[in-house]
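**Q**
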Amino acid sequence: MSLYAILQGFDDVLTEVLMAMSPVLVLFLIFLLVFKLPKKMLLSLLQGVLFAFAGLALFLQGVHVGFLPVGNEMGAIIGALPNRWILIPLGFLLGFVATMAEPAVRILSDQVEKSSSGSIRSNTILYTLCLAVGIFIALGMTRIVYGIPFYYIIIPGYLLAIILMIFSKPSFTSIAFDSGGVATGPMTVTFIMAMAVGAADRIAGRDAVIDGFGLIALVALAPIIMVMLLGFLYPDDNQDDDNDEKNPEGLPAEIEDNIEADTSLHSHGEMPTDPSPEDGQDLEADSQNISYQDNNEDAKSSQGKEVKDNDRDSQA
Amino acid sequence: MIKDVKEILFEVLQAIIPIVVVVSLIQFFVIRTPIDLFWQFIAGAVMVTAGLFLFLVGVRVSLLPIGEMIGSEVTSHGSLVFLLVAAFIFGFVITVAEPDVRVLSHQVDIASRGAIESNILIVAVALGVGLFVSLAILRILLGIPIFYLLTAGYVLIVILSFFTPPAFVAISFDAGGVTTGPMAVPFILALGVGATAVLGGKSTVSDTFGLIGLASIGPVLSVMILGVIFG
Chain S
1 MSLYAILQGF
11 DDVLTEVLMA
21 MSPVLVLFLI
31 FLLVFKLPKK
41 MLLSLLQGVL
51 FAFAGLALFL
61 QGVHVGFLPV
71 GNEMGAIIGA
81 LPNRWILIPL
91 GFLLGFVATM
101 AEPAVRILSD
111 QVEKSSSGSI
121 RSNTILYTLC
131 LAVGIFIALG
141 MTRIVYGIPF
151 YYIIIPGYLL
161 AIILMIFSKP
171 SFTSIAFDSG
181 GVATGPMTVT
191 FIMAMAVGAA
201 DRIAGRDAVI
211 DGFGLIALVA
221 LAPIIMVMLL
231 GFLYPDDNQD
241 DDNDEKNPEG
251 LPAEIEDNIE
261 ADTSLHSHGE
271 MPTDPSPEDG
281 QDLEADSQNI
291 SYQDNNEDAK
301 SSQGKEVKDN
311 DRDSQA
Chain H
1001 MIKDVKEILF
1011 EVLQAIIPIV
1021 VVVSLIQFFV
1031 IRTPIDLFWQ
1041 FIAGAVMVTA
1051 GLFLFLVGVR
1061 VSLLPIGEMI
1071 GSEVTSHGSL
1081 VFLLVAAFIF
1091 GFVITVAEPD
1101 VRVLSHQVDI
1111 ASRGAIESNI
1121 LIVAVALGVG
1131 LFVSLAILRI
1141 LLGIPIFYLL
1151 TAGYVLIVIL
1161 SFFTPPAFVA
1171 ISFDAGGVTT
1181 GPMAVPFILA
1191 LGVGATAVLG
1201 GKSTVSDTFG
1211 LIGLASIGPV
1221 LSVMILGVIF
1231 G
């Protein structure tokens, strides 16, 4: 391996990253000046852009010289094999491992455990999600190996998501749709996609563009469907029904603390917020419409929410 | 801050090492790619790790707090129109800098041998995200139930997919998945929190829900439309 192989095309990457990062820099700079924010923010902005610039350049270069060519090559080698069906179990394995490794998936699992009041263990959810993503990738690979049109998989998938949304509990639906991205981390997007494209390119009768893509969409769909399905396992109780009636918009009080976790889920880094005792009280007050809490703030906020929801109801 | 940096490093290693191990196992036991190429993969993995780490540190430690501050200034000073325009520009600019979007469009460029140019795809995806982020903000302000929009968006995608040229179908669905990357998600959520604050006083955290779901519908539609125009 020569140094040239690693540095190949780095000038193009630098130009690309410059084009990618400069709009952020300019936009933020304008806002900082317009709103006359403290000077120290300017320094922080410069520092952040510099880090992000260097990081994005290294990342893209690593992907271009390492992940994409090896993924493409592995896919192409398998595509040329007589027993190219091994792409299917390999896809499953890679999908399973990549999902297991994705930090956001762990946070999602904790979050689902919380909204099922602990009746579904977070490890169960984690493995279910890994299995689901693995199966969906295997399905995507099957499609490439046997030339099944993408429509036949994605359209039923989307329709299933719509149907599940109608029947699913609102608290689970909310988590489901925002969690679409948890498993589509940089690993899936780089290596697994490259392998699929490489295979589709090599197998006779397949087209790299028509047949090679679509895996990311399937990986995004898997958690949406799985989270809503998991919601059905969680036995109905009165509390949930109450919420459904009171919030026609379909946002039960439970969501309030779900969303907190949601924010951390998507920022990838932060750990999920522990359910604090206050949250629990708030939830109870909301669902039973009782506001005799020690903490007046809590009572007020749940009333405020109620009023707002009614407002919305009349608008909608 | 040091704690954040450590956490980010741990998170990046946790995501990359397992994949490198599995790929190495495949290399040695299942399919052998040329050994030079494999070493290139290892070098690439080191670069990806370092790059992702630096990128996330820059975004989370510096850029995100600034974004949040700007978000709250925009929402407290501006009119509705200003807020929507700002949301559009934010969504657009953030998507242009999103690593996952770059990787997808690069791979599409290679696979289509230049027929679907990388920059055009990125602009289409960014337009879709920008438009749907401001739509999502509008729905928060008007109080339109999220489920109506999600259902409408999904149904529209299913219908439009029948008119999209075959080369663009899979790519457009993929475009919806790459917008939920390490750059876009925290920024879009921050914007939503800012917008809900405008609703007046009380925190309505639950309203930010659906932003990500909606934001990933936009690019699917915009790339499909791109396909209809080009195909």
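Keeping their order, the protein sequence lines are chains S and H.
Residue 316 is where the first sequence ends in this note's numbering, and the numbering goes up by one at each step.
Residue 1231 is where the second sequence ends in this note's numbering, and the numbering goes up by one at each step.
Note that beta-carbon positions come from the ideal geometry of N, C-alpha and C, so glycine has one too.
Note that the coordinates shown come from a computational prediction; the quantities given were computed from them, not determined experimentally.
Give the residues of chain A in contact with Ile6/S, contact being defined as C-beta atoms less than 9 Å apart.
**A** Although the question refers to chain A, the structure presented lacks it and instead comprises the protein chains S and H.
**Q** Write down the C-beta distance between Leu37/S and Met1069/H rounded to the nearest angstrom, noting that I regard them as a contact closer than 8 Å.
**A** Looking up residue 37/S in the first sequence gives position 37. Looking up residue 1069/H in the second sequence gives position 69. So it is a contact: roughly 7 Å between Cβ atoms.
**Q** Under 9 Å, do Phe1168/H and Gly1227/H count as touching if we go by C-beta distance?
**A** On the second sequence, residue 1168/H is found 168 positions in, with the first residue counted as 1. On the second sequence, residue 1227/H is found 227 positions in, with the first residue counted as 1. Yes, the Cβ-Cβ distance between Phe1168/H and Gly1227/H is below 9 Å.
**Q** With distances taken from CA atoms, which of Ala1115/H, Phe1162/H and Phe1132/H is nearest Leu1150/H?
**A** Here residue 1150/H refers to the residue found at position 150 of the second sequence. Among Ala1115/H, Phe1162/H and Phe1132/H, the Cα nearest to that of Leu1150/H is on Phe1132/H.
**Q** If I follow the unbroken alpha helix (DSSP H) through His1077/H, where does it start and stop?
**A** Indexing the second sequence from 1 puts residue 1077/H at position 77. Unbroken alpha helix (DSSP H) run through His1077/H: Leu1064 to His1077.
**Q** Please report the straight-line C-alpha distance between Ala132/S and Lys39/S, rounded to a whole angstrom.
**A** Residue mapping note: residue 132/S aligns to position 132 of the first sequence, counting from 1. Residue mapping note: residue 39/S aligns to position 39 of the first sequence, counting from 1. Ala132/S and Lys39/S: Cα-Cα distance of roughly 49 Å.
**Q** Can you check whether the CB of Ala104/S is closer than 9 Å to the CB of Ala52/S?
**A** As a working mapping, residue 52/S is identified with position 52 in the first sequence. As a working mapping, residue 104/S is identified with position 104 in the first sequence. Result no, Cβ atoms of Ala52/S and Ala104/S do not sit closer than 9 Å.
**Q** Are the Cβ atoms of Gly1192/H and Ile1140/H separated by less than 9 Å?
**A** The residue labelled residue 1192/H in the question sits at position 192 within the second sequence. The residue labelled residue 1140/H in the question sits at position 140 within the second sequence. Result yes, Cβ atoms of Gly1192/H and Ile1140/H sit closer than 9 Å.
**Q** How big is the Cα-Cα spacing for Asp1100/H and Val189/S?
**A** Walking along the second sequence from the start, residue 1100/H turns up at place 100. Walking along the first sequence from the start, residue 189/S turns up at place 189. Between Asp1100/H and Val189/S, the C-alpha separation is close to 7 Å.
**Q** Between the alpha carbons of Leu340/S and Val112/S, how many angstroms are there, rounded?
**A** Residue 340/S lies beyond the range of chain S shown here (1 to 316); nothing can be said about it.
**Q** Along the chain, where does the alpha helix (DSSP H) that runs through Glu73/S open and close?
**A** The residue labelled residue 73/S in the question sits at position 73 within the first sequence. Segment Leu68 to Ala80, the alpha helix (DSSP H) holding Glu73/S.
**Q** Could you work out which residue in Ser119/S, Val24/S and Gly66/S is closest to Leu7/S when comparing CA atoms only?
**A** The residue given as residue 7/S occupies position 7 in the first sequence. Ranking the options by Cα distance to Leu7/S, first place goes to Gly66/S.
**Q** For Gly169/S, is the classification buried or exposed, using 16 other Cβ atoms within 10 angstroms of its Cβ as the cut-off for buried?
**A** Residue mapping note: residue 169/S aligns to position 169 of the first sequence, counting from 1. In the sequence as presented, Gly is not what sits at residue 169/S; that position holds Lys. Result: buried.
**Q** Taking the alpha helix (DSSP H) that Glu1007/H belongs to, which residues open and close that run?
**A** Taking the second sequence and counting its residues from 1, one reaches residue 1007/H at position 7. Per DSSP, Glu1007/H belongs to the alpha helix (DSSP H) from Ile1002 to Phe1029.
**Q** Any idea what DSSP makes of Ile6/S, helix, strand or coil?
**A** Residue 6/S sits at position 6 when you count from the first residue of the first sequence. Of the three classes helix, strand and coil, the one that applies to Ile6/S here is helix, per DSSP.
**Q** Could you work out which residue in Arg106/S, Leu87/S, Pro223/S and Leu139/S is closest to Met74/S when comparing CA atoms only?
**A** Your numbering for residue 74/S matches position 74 in the first sequence. With distances taken between Cα atoms, Met74/S lies closest to Leu87/S.
**Q** DSSP three-state label for Ile1140/H, please.
**A** Along the second sequence, one-based indexing puts residue 1140/H at 140. In this structure, Ile1140/H counts as helix in the three-state DSSP scheme.
**Q** Should Leu1221/H be flagged as near chain S, meaning a C-beta pair shorter than 9 Å?
**A** Here residue 1221/H corresponds to residue number 221 of the second sequence, with the count starting at 1. Taking Cβ atoms only, chain S never reaches closer than 9 Å to Leu1221/H, which makes this a no.
**Q** Strictly below 7 Å CB to CB, what residues from chain H border Leu61/S?
**A** For the purposes of this step, residue 61/S is taken as residue 61 along the first sequence, with counting starting at 1. Before going on, a small fix: residue 61/S reads as Gln here, not Leu. Within chain H, the residues near Gln61/S are Met1047.
**Q** Helix, strand or coil, according to DSSP, for Asp240/S in the structure here?
**A** Within the first sequence, numbered from 1, the residue matching residue 240/S stands at position 240. Model confidence at Asp240/S stands at a pLDDT of 44, short of 50, so the residue's coordinates are unreliable; what they give is reported in the following sentence. Three-state result, Asp240/S: helix.
**Q** Would you kindly work out how many angstroms separate the C-alpha atoms of Asp1004/H and Gln1014/H, rounded to a whole number?
**A** Within the second sequence, numbered from 1, the residue matching residue 1004/H stands at position 4. Within the second sequence, numbered from 1, the residue matching residue 1014/H stands at position 14. Answer to the nearest angstrom: the Cα atoms are 15 Å apart.
**Q** Does the beta carbon of Met1224/H sit closer than 9 Å to a beta carbon anywhere in chain S?
**A** As a working mapping, residue 1224/H is identified with position 224 in the second sequence. Chain S contact via Cβ: absent.
**Q** With a cut-off of 8 Å on the beta carbons, I'd call Arg84/S and Gly147/S a contact; round off their distance for me.
**A** Sequence index remark: in the first sequence, residue 84/S carries index 84 (1-based). Sequence index remark: in the first sequence, residue 147/S carries index 147 (1-based). Wrong, their Cβ atoms sit about 12 Å apart, outside the cutoff.
**Q** Applying the criterion that 16 or more other CB atoms from any shown protein chain within 10 Å of the CB defines a buried residue, is Ile1048/H buried or exposed?
**A** Residue mapping note: residue 1048/H aligns to position 48 of the second sequence, counting from 1. The amino acid occupying residue 1048/H in the given sequence is Val; Ile does not appear at that position. Val1048/H should be labelled buried.
**Q** Determine the chain H residues that contact Pro186/S at a beta-carbon separation under 8 Å, and present them in chain order.
**A** To locate residue 186/S, count along the first sequence from 1; it is residue 186. Within 8 Å Cβ-Cβ: Ala1015, Val1048, Leu1052, Pro1099, Asp1100, Val1103, Gly1181 and Pro1182.
**Q** Quick one: which residues of the stretch 40-61 of chain S get their C-beta closer than 8 Å to a C-beta of chain H? List them in chain order.
**A** Met41, Ser44, Leu45, Gln47, Gly48, Val49, Leu50, Phe51, Ala52, Phe53, Ala54, Gly55, Leu56, Ala57, Leu58, Phe59, Leu60 and Gln61
**Q** At the level of alpha carbons, what is the spacing between Leu1121/H and Phe1147/H?
**A** Position 121 of the second sequence holds residue 1121/H. Position 147 of the second sequence holds residue 1147/H. The alpha-carbon atoms of Leu1121/H and Phe1147/H are separated by roughly 28 Å.
**Q** Determine, using beta-carbon pairs with one atom in the stretch 134-150 of chain S and one in the stretch 190-205 of chain S, whether at least three such pairs fall under 8 Å.
**A** With contact defined as three or more Cβ pairs closer than 8 Å, the stretch 134-150 of chain S and the stretch 190-205 of chain S are in contact.
**Q** Any beta carbon of chain H sitting closer than 9 Å to that of Tyr151/S?
**A** Numbered from its first residue, the first sequence carries residue 151/S at position 151. Under the Cβ distance rule, Tyr151/S counts among the residues neighbouring chain H, one pair being separated by less than 9 Å.
**Q** Just to make sure I have the definition right: I need the residues of chain S whose C-beta is within less than 7 Å of the C-beta of Ser1112/H. Which are they?
**A** What you label residue 1112/H is simply residue 112 of the second sequence in a count that begins at 1. The contacting residues are Val209.
**Q** Give the residues of chain S in contact with Ile1019/H, contact being defined as C-beta atoms less than 7 Å apart.
**A** Residue mapping note: residue 1019/H aligns to position 19 of the second sequence, counting from 1. Chain S residues near Ile1019/H: Val97, Ala98, Ala101, Met187 and Phe191.
**Q** Taking the Cβ atom as the reference point for each residue, do Thr1179/H and Gly1128/H lie within a distance shorter than 9 Å?
**A** As a first step, residue 1179/H must be located in the second sequence, where it is residue number 179. As a first step, residue 1128/H must be located in the second sequence, where it is residue number 128. When the beta-carbon positions are compared, Thr1179/H and Gly1128/H come within less than 9 Å of each other.
**Q** Under 9 Å between C-beta atoms, does Phe73/S make it to chain H?
**A** Locating residue 73/S in the first sequence gives position 73, where the first residue counts as 1. Note that residue 73/S is Glu in the sequence shown, not Phe. With 9 Å as the cut-off, Glu73/S counts as an interface residue toward chain H.
**Q** In this structure, how does DSSP classify Gly1051/H when only helix, strand and coil are distinguished?
**A** On the second sequence, position 51 is the one that residue 1051/H refers to. Note: Gly1051/H maps to helix in three-state DSSP.
**Q** Let me make sure I understand the geometry here. Which of Val1123/H, Ala1115/H, Val1012/H and Val1023/H has the alpha-carbon closest to that of Arg1320/H?
**A** Residue 1320/H is absent from the model: chain H starts at 1001 and stops at 1231.
**Q** For a cutoff of 9 Å on Cβ pairs, would you count Val1133/H as touching chain S?
**A** As a first step, residue 1133/H is located in the second sequence; it is residue number 133 there, counting from the start. Not closer than 9 Å to any Cβ of chain S, the Cβ of Val1133/H fails to qualify, so no.
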